[in-house]
Each structure stands twice: as structure tokens, then as C-alpha cells.
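*Asks:*
In my numbering, the protein residues as written are 985 to 1153.
Structural data, given as C-alpha cells:
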């Protein structure tokens, strides 16, 4: 496998949500991993043919980085920030893996902001998956308490995106 083919593999990983890929061709073996994947599994022995994507192409590694489930951490942090009980809040979760967008385009304002009141059917965000833009609608009425994901961040299936307080309708 030559350098050009390795670059093509990196592009493939860049265009997908793959965090690790292993290729075998005869005696040649290569494993590409994102930096976050390597950190997630801890300090393990690495074989000499493992190439962290961040070493080969740091800008691509940032784009490919898998979303880390921060749901529990974010909810705990929100609970610490607000001394009130937040157990009544409803999490709006991602129905798919993709890229999270708060607005319909970069030059447009976000669909919703913290403090906005939403009703069922109101647009909350867009998740792009495989070049398809999927609008995510509110399923309950309430006040947006927290946006848990940064704009243009990768998201995982069932990852919390927003916290809604249904008691403020």
C-alpha cells in the first residue's frame, strides 16, 4: 500500500464516523485510529503499523473525531449550576448519528435559543447524516433550559441535545 492509498483511507475515515479502521493486504497491515479513540481506550501498546490520524493529518482528525457521550456529565454540570432540582427536565435526544447544526445555514440565526418556549412540531435543530439534512422537531411544549451540543459538533445516536422544562408552558 503506498502513501496515496493511505491518504485515500484517511479521506474515507474523514467522510464517515469511523473511529478505527484496520486494513490487511497480504503481509501488510495498517490500523488508522482517531486520537480520541486512542485516548478512550487508554495507554495501550501500539504496534508500529498503527497510524493515529492526528499524526498524519491533524485537521482531518478533528473533523473525524467521534462524539463522546457527555450526556451524564452535562446534566450533572447543569444540576450543579442550578441549585434547583432538574429531574423534571426532558432531554431531547438525537435520533441518529451525524453533525449537529443549530441553524438552517451559517448566515441564519439558530432555530431556538436558551429561554425560548417551544411547542410540539417546532424546529429545534438539523442533523446532517450522509449529506441528508434531517430537521429535529420538539415533541413536547416547554422552555429551552440548555443546549448541550456545540454547533457543527458530531453527535451519536441517543445523545442528549437539549434540556426542556415542560413546567414553564
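Note that CB positions come from ideal geometry on N, CA and C, so glycine has one too.
1. Thinking just about the alpha-carbon of each residue, which of 1004, 988, 1150 is nearest to the one in residue 1073?
2. Starting from the Cα of residue 1085, find the closest Cα among 1017, 1105, 1121, 1101 and give me that residue.
3. Applying the criterion that 16 or more other CB atoms from any shown protein chain within 10 Å of the CB defines a buried residue, is residue 1017 buried or exposed?
4. Can you list, in chain order, the residues of its chain with a C-beta nearer than 8 Å to that of residue 1043? Leave out the 5 residues immediately preceding and following it.
5. Compare the C-alpha of residue 1098 against each of 1007, 1088, 1109, 1118 and name the closest.
6. According to the Cβ coordinates, are residue 1111 and residue 1118 closer than 7 Å?
7. Look at the Cβ atom of residue 1123, then the Cβ atom of residue 1104, and state whether they are nearer than 7 Å.
8. Identify the continuous beta strand (DSSP E) that holds residue 1107 and give its terminal residues.
9. With distances taken between CB atoms, is the gap from residue 1077 to residue 1142 smaller than 7 Å?
10. Using the beta-carbon count (16 or more within 10 Å), is residue 1089 buried or exposed?
11. Helix, strand or coil: which one does DSSP assign to residue 1119?
12. What do you get for residue 1130, buried or exposed, if any count of 16 or more other CB atoms within 10 angstroms of its CB means buried?
13. If residue 1140 and residue 1081 are in contact, beta carbons under 8 Å, what's the gap, nearest whole angstrom?
14. With DSSP as the reference, label residue 1140 as helix, strand or coil.
15. Tell me whether residue 1146 sits in a helix, a strand or coil according to DSSP, three-state version.
16. Sort out for me which residues DSSP pairs residue 1126 with in a bridge.
*Replies:* Quick look at the numbers:
1. Mapped onto the chain shown, residue 1073 falls at position 89. Taking only the C-alpha atoms, the option nearest residue 1073 is 1150.
2. Here residue 1085 refers to the residue found at position 101 when the chain shown is read from its first residue. Residue 1085 has its Cα closest to that of 1121, out of 1017, 1105, 1121, 1101.
3. On the chain shown, residue 1017 is found 33 positions in, with the first residue counted as 1. By the neighbour-count rule (16 or more Cβ atoms within 10 Å), residue 1017 is buried.
4. One-based indexing of the chain shown puts residue 1043 at position 59. Low per-residue confidence applies at residue 1043: pLDDT is 43, beneath 50, and the placement is therefore not dependable, though the value from the model is reported in the following sentence. Cβ within range, chain order: n/a, list empty.
5. Start at 1 with the first residue of the chain shown, and residue 1098 comes out as number 114. Distance from the Cα of residue 1098 is smallest, within the candidate group 1007, 1088, 1109, 1118, for 1109.
6. As a position in the chain shown, residue 1111 is number 127, starting the count at 1. As a position in the chain shown, residue 1118 is number 134, starting the count at 1. For residue 1111 and residue 1118, yes; Cβs fall inside 7 Å.
7. Here the question's residue 1123 lines up with position 139 in the chain shown. Here the question's residue 1104 lines up with position 120 in the chain shown. Closer than 7 Å, so yes.
8. Here residue 1107 refers to the residue found at position 123 when the chain shown is read from its first residue. Element bounds for residue 1107: 1107 to 1113.
9. Residue 1077 sits at position 93 when you count from the first residue of the chain shown. Residue 1142 sits at position 158 when you count from the first residue of the chain shown. It is a contact, given that the beta carbons lie within the stated cut-off.
10. Numbered from 1 along the chain shown, position 105 holds the residue referred to as residue 1089. With a 10 Å radius around the Cβ and a threshold of 16 neighbouring Cβ atoms, residue 1089 comes out exposed.
11. If you number the chain shown from 1, residue 1119 lands on position 135. DSSP places residue 1119 within a strand segment (E or B) once states are collapsed to three.
12. Mapped onto the chain shown, residue 1130 falls at position 146. Buried, because 16 or more other Cβ atoms sit within 10 Å of the Cβ of residue 1130.
13. One-based indexing of the chain shown puts residue 1140 at position 156. One-based indexing of the chain shown puts residue 1081 at position 97. Going by Cβ atoms, the distance from residue 1140 to residue 1081 rounds to 6 Å, so yes, they are a contact pair.
14. Here residue 1140 corresponds to residue number 156 of the chain shown, with the count starting at 1. The answer is coil: DSSP assigns residue 1140 none of H, G, I, E or B.
15. Numbered from its first residue, the chain shown carries residue 1146 at position 162. DSSP, reduced to helix, strand and coil, places residue 1146 within a strand of the structure shown.
16. For this step, residue 1126 is matched to residue 142 along the chain shown. Answer is 1102.
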